[in-house]
Amino acid sequence: MTDVPSLVKQLDALLAEALGEVSAASDGDALEGVRIRYLGRKDGRISGVLRQLGALDPADRPAVGAAANRVKARLEEALDEAAAALAAPEDAGRALDLTLPGREPWSGGRHPVTRVMDEIYEVFRDMGFSRARGPEAETEWYNFEALNTPLDHPAADEQDTLYLRDSVLLRSHTSPVQIRTLESHEPPIRILAPGWVYRRDTYDATHTPAFLQVEGLVVDEGISFVDFKATLAEFARRMWGPGTRIRLRPSFFPFTEPSAEVDVKRVVTAPDGTTSETDWLEIMGAGMVDPAVLDAAGVDSERYTGFAFGMGPARIAMLKYGVDDLRTFFENDVRFLEQFVPGGLR
Ligand code: PHE
Numbered sequence: 001m002t003d004v005p006s007l008v009k010q011l012d013a014l015l016a017e018a019l020g021e022v023s024a025a026s027d028g029d030a031l032e033g034v035r036i037r038y039l040g041r042k043d044g045r046i047s048g049v050l051r052q053l054g055a056l057d058p059a060d061r062p063a064v065g066a067a068a069n070r071v072k073a074r075l076e077e078a079l080d081e082a083a084a085a086l087a088a089p090e091d092a093g094r095a096l097d098l099t100l101p102g103r104e105p106w107s108g109g110r111h112p113v114t115r116v117m118d119e120i121y122e123v124f125r126d127m128g129f130s131r132a133r134g135p136e137a138e139t140e141w142y143n144f145e146a147l148n149t150p151l152d153h154p155a156a157d158e159q160d161t162l163y164l165r166d167s168v169l170l171r172s173h174t175s176p177v178q179i180r181t182l183e184s185h186e187p188p189i190r191i192l193a194p195g196w197v198y199r200r201d202t203y204d205a206t207h208t209p210a211f212l213q214v215e216g217l218v219v220d221e222g223i224s225f226v227d228f229k230a231t232l233a234e235f236a237r238r239m240w241g242p243g244t245r246i247r248l249r250p251s252f253f254p255f256t257e258p259s260a261e262v263d264v265k266r267v268v269t270a271p272d273g274t275t276s277e278t279d280w281l282e283i284m285g286a287g288m289v290d291p292a293v294l295d296a297a298g299v300d301s302e303r304y305t306g307f308a309f310g311m312g313p314a315r316i317a318m319l320k321y322g323v324d325d326l327r328t329f330f331e332n333d334v335r336f337l338e339q340f341v342p343g344g345l346r
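Okay, so the sequence shown: first residue is 1 according to my numbering, each after it adds one.
Listed below in structure tokens is the structure:
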């Protein structure tokens, strides 16, 4: 029978048979045997079917030729796949290579700036401070005017401050939390207010347009300059060791009077045991709360006095860890960050 349908049927039957043999083949020799039996030029069974093409009407030949090509291609593909599977190394999921190093899970670690903030909180918590927060989007009143800073002060200029819309801005410091706390709480007040602040600054080794600050405020009856200096000296000793000294350098902030920049000098011990003092390093701005600030917040400035301070924990982390580029704290390269985690992240 050499009509087109019967030849195509024979070809498909051969293909089914051949595929069965391919999947039963357990090695390369067996596969090669299948190839020769079905596709061999001389005695291959598929070639044998094609030899009958001569008996067909020439007009019918292309249809059978196309079917033969399809069947050959499918069988060749199956043979190649089976050969590749046999050649592949032992299935990785099943084989157990005892010489492979174990998988070490990463463990989490606190960011160096977060560690410094936690240390700051701990020191002040021991001195009876609680935590306060305020919004990052502030009004000119809280960010400047209530803090005794007139709007024509350079700090209030659009050159320095990011305005969201008329009179609403991204706070340029955490000091507005002083006002919000004074408005909502009766003295005695002892708070620490951490948070993000924003300035129109370039992004370079010592400036970032967003950074963290920690604000401190103490207001009560009879708070004096002695309380102010003693609190900051205690903070410095707890942060950097008992030999640490502080120095107050006269400065100016509209919301404190007198105002100071606070510097620290640390005692460092060399590997051979000898000790020496570091240079003076600036850690914060501070001062006695200006009575105008208490008045603006509705607190009786005849009765109450206080002090305030503001510091940048990233700056303190730079001093603490000897980092000279602020940007490394933002870019979060794990190789940089893991240096600060005792025992590493892996
Ligand atoms: N707000 C000041 C700043 O951002 C720091 C400061 C806070 C100074 C509190 C005095 C008192 O530079």
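Each residue gets a CB set at the ideal place from its N, CA and C atoms; glycine is no exception.
All of these numbers come straight from a predicted model, not from anything done at the bench.
Limits of the beta strand (DSSP E) - the one that residue i falls within
i       : result
Phe-307 : 305 to 311
Asp-12  : Counting along the chain, Asp-12 falls outside any beta strand (DSSP E), though it belongs to the alpha helix (DSSP H) covering 4 to 24.
Tyr-203 : Where Tyr-203 is concerned, there is no enclosing beta strand (DSSP E), given that its DSSP letter is neither H nor E.
Phe-329 : It is not in any beta strand (DSSP E) - Phe-329 instead sits in the alpha helix (DSSP H) that spans 328 to 331.
Thr-269 : 267 to 269
Glu-138 : 137 to 139
Glu-277 : 275 to 277
Coarse secondary structure for residue i, derived from DSSP in three states
i       : result
Ile-223 : coil
Leu-217 : strand
Phe-211 : strand
Gly-241 : coil
Asp-300 : coil
Ser-167 : coil
Thr-99  : coil
Ala-193 : strand
Ser-184 : helix
Val-293 : helix
Phe-129 : coil
Thr-161 : coil
Arg-45  : helix
Val-264 : strand
Phe-252 : strand
Leu-53  : helix
Leu-281 : strand
Glu-104 : coil
Pro-58  : helix
Pro-176 : helix
Arg-247 : strand
Pro-258 : strand
Top-ranked residue by Cα proximity to residue i, from the options
i       : options                            : result
Gly-312 : Tyr-198, Ala-297, Met-288, Glu-331 : Tyr-198
Arg-303 : Arg-200, Leu-151, Glu-221, Thr-174 : Glu-221
Leu-295 : Ala-30, Gln-178, Tyr-121           : Contrary to the premise, residue 295 reads as Asp rather than Leu in this sequence. That would be Gln-178, whose Cα lies nearest to the Cα of Asp-295.
Gly-285 : Ala-55, Phe-309, Asp-152           : Phe-309
Glu-32  : Pro-188, Gly-54, Leu-86            : Leu-86
Ala-205 : Phe-252, Arg-51, Phe-330, His-153  : Phe-330
Glu-76  : Asp-57, Thr-99, Arg-35             : Arg-35
Pro-62  : Val-4, Ser-301, His-153            : Val-4
Ala-82  : Gly-44, Ala-24, Glu-215, Glu-138   : Ala-24
Phe-211 : Asp-57, Ala-155, Thr-174, Pro-254  : Thr-174
Leu-7   : Asp-27, Ser-47, Ala-18, Glu-21     : Ser-47
Proximity test, residue i beta-carbon vs the ligand PHE heavy atom, cut-off 6 Å
i       : result
Thr-305 : no
Ala-286 : yes
Ser-184 : no
Ser-175 : yes
Gly-310 : yes
Phe-144 : no
Phe-129 : no
Phe-340 : no
Span of the alpha helix (DSSP H), counted from its first residue to its last, around residue i
i       : result
Ala-68  : 61 to 87
Glu-119 : 112 to 126
Glu-32  : 28 to 39
Leu-147 : Run containing Leu-147: none; DSSP gives neither H nor E here.
Val-349 : No information on residue 349 is available, as it lies outside the stretch 1 to 346 that the chain covers here.
CB contact check: residue i to chain C, cutoff 7 Å
i       : result
Glu-186 : Among the chains of the structure shown, chain C does not appear; only one protein chain is present.
At least three beta-carbon pairs within less than 8 Å, the region 163 to 171 to the region 323 to 334: no
For the pair the region 337 to 345 and the region 102 to 116, tell me if three or more CB-CB distances fall below 8 Å. yes
Say whether the region 271 to 280 touches the region 251 to 258, bearing in mind that this needs 3 or more beta-carbon pairs closer than 8 Å, one atom from each stretch. no
For the region 3 to 13 and the region 64 to 76, state whether three or more C-beta atom pairs, one from each stretch, are separated by less than 8 Å. yes
Evaluate contact between the region 121 to 130 and the region 157 to 167, counting only Cβ atoms and requiring at least three cross-stretch pairs below 8 Å. no
Would you say the region 141 to 159 touches the region 235 to 250, given that touching needs at least three Cβ pairs under 8 Å? no
Does the region 93 to 113 come close enough to the region 213 to 227 to have 3 or more Cβ pairs within less than 8 Å? no
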